[in-house]
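**Student:** Shown below is the structure under consideration.
Residue numbers (the numbering used here): 12 to 377.
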């Protein structure tokens, strides 16, 4: 009889063991903030025990530094004030929906206005942040522009769609562009500005905004709601004409000249995007939304070049000296030409190869 009951007893123990609820994951508190730091192991990849321990300790200390210096980090302070962050999650690797790896990633949650900040443990080690909370704190502070953006609950304001004459756009081939004189390139650009390239933000982010006095950080209130729009529309167009006509750009950023004349760029505009710290950004139309342009019926994934008018280049960036640390809206047409050309030259091919950046598309200029 005992022999018959033993298998039954073991079976009941097995069922009972697996029926027990999984214990809730314990977080690691950060003094002074409502959110905690959690460690999440993956199904296929796990974080080594020593790396996990160091990652948790470094992240907690880094946030402690941010809390201590909260007044110095505007976006971190704003996120705390509005209670936007639900939790910090350290994972073996952090991938977006397209499988691209990031050192940090902000993810929306089911709770309206709340986000999680995901931290890649592997990248913490590779990038030398383990055991360096002060350095990590400075890097984390920059991620809070994404925290604020992703947590925003209001819908993006949609602007009117501007009409283009795609089939009549005088798209030139690279071979044709190479043979053009500076005057011919300028004439071709003007024809594209009339039919194809747009230089005004359709979202109206500059409506009734103050403009910068050129060469200064002085802001001036415009007389009319659209005065700032018109001012920067003129300056952007002037900058584009400089790019295609000045020999410097043909010799140093030839890709930028070609991209303006062969259809690869169809927006170049100044915009106000408060929740982004970058000065320029390229967004490329995904392959499935490519357009057919020109009499030859060429299929193109055109790009939008955004210039964030109230942001300045960082001292370590390439053109900082030439822009003298001024906001983009305070640059002359010649300075702006350098900034736009460099953005096209360095970014358009990379973005074309992998499509638009999903995070960029989450936020419209406001």
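Backbone N, C-alpha and C define an ideal beta-carbon position, used for all residues, glycine too. Note that the structure is predicted; figures quoted are calculated from it, not measured.
Among the candidates 56, 188 and 298, whose CA atom is the shortest distance from the CA of residue 105?
**Tutor:** 56
**Student:** Counting Cβ pairs closer than 8 Å, one from the segment 45 to 52 and one from the segment 66 to 86, do we hit at least three?
**Tutor:** Yes, the segment 45 to 52 is in contact with the segment 66 to 86.
**Student:** Can you give, in chain order, each stretch of the beta strand (DSSP E) that sits fully within the segment 284 to 332 and has at least 3 residues?
**Tutor:** List check, beta strand (DSSP E) in window: 291 to 295, 302 to 304, 309 to 311 and 314 to 319.
**Student:** Report the rounded CA-to-CA distance for residue 330 versus residue 340, giving the unit in angstroms.
**Tutor:** 15 Å
**Student:** Alpha carbon to alpha carbon, how far is residue 176 from residue 218?
**Tutor:** 26 Å
**Student:** Check each candidate in 88, 335 and 334 and name the one with the smallest Cα separation from residue 156.
**Tutor:** 88
**Student:** Run through DSSP, which three-state label would residue 118 get?
**Tutor:** strand
**Student:** Kindly indicate the opening and closing residues of the alpha helix (DSSP H) around residue 113.
**Tutor:** Premise fails: residue 113 is in no alpha helix (DSSP H) and is neither H nor E.
**Student:** State the start and end residues of the unbroken beta strand (DSSP E) segment that holds residue 276.
**Tutor:** Secondary structure note for residue 276: its beta strand (DSSP E) is the uninterrupted segment 276 to 282.
**Student:** Please classify residue 372: does DSSP put it in a helix, a strand, or coil?
**Tutor:** In this prediction, residue 372 scores a pLDDT of 42, lower than 50, which makes its location untrustworthy; no coordinate-derived value is stated.
**Student:** I need the straight-line Cα distance from residue 229 to residue 220, nearest angstrom please.
**Tutor:** 13 Å
**Student:** To the nearest angstrom, how far is it from the Cα of residue 278 to the Cα of residue 267?
**Tutor:** 13 Å
**Student:** Residues bridged to residue 102 by DSSP?
**Tutor:** 131
**Student:** Could you say which of 115, 257 and 149 lies nearest to residue 134 if we only look at CA atoms?
**Tutor:** Of the listed residues, the one whose Cα sits closest to residue 134 is 115.
**Student:** With a CB to CB cut of under 6 Å and the five nearest residues on each side skipped, what residues in its chain are close to residue 172?
**Tutor:** Here the model assigns residue 172 a pLDDT of 40, short of 50, so the residue's position is not dependable, and the following value carries that caveat. In its own chain, leaving out the 5 sequence neighbours on each side, no residue places its CB closer than 6 Å to the CB of residue 172.
**Student:** Where do the N-terminal and C-terminal ends of the beta strand (DSSP E) with residue 209 fall, by residue?
**Tutor:** Counting along the chain, residue 209 falls outside any beta strand (DSSP E), and DSSP gives it neither H nor E.
**Student:** Report all residues from its chain with a CB closer than 8 Å to the CB of residue 253; omit the five preceding and five following residues, and keep chain order.
**Tutor:** 260, 344, 345 and 348
**Student:** Would you check if the distance between the CB atom of residue 350 and the CB atom of residue 334 is smaller than 8 Å?
**Tutor:** yes
**Student:** With DSSP collapsed to three states, give me the class of residue 46.
**Tutor:** coil
**Student:** Please state whether DSSP places residue 41 in a helix, a strand or coil.
**Tutor:** In the three-state scheme derived from DSSP, where H, G and I count as helix and E and B as strand, residue 41 is classed as coil.
**Student:** Three-state secondary structure (DSSP) at residue 338?
**Tutor:** Of the three classes helix, strand and coil, the one that applies to residue 338 here is strand, per DSSP.
**Student:** Closest to residue 183 by CA distance: which of 207, 238 and 282 is it?
**Tutor:** 207
**Student:** With distances taken from CA atoms, which of 307, 282 and 360 is nearest residue 313?
**Tutor:** 360
**Student:** Kindly indicate which three-state DSSP category residue 218 falls into: helix, strand or coil?
**Tutor:** coil
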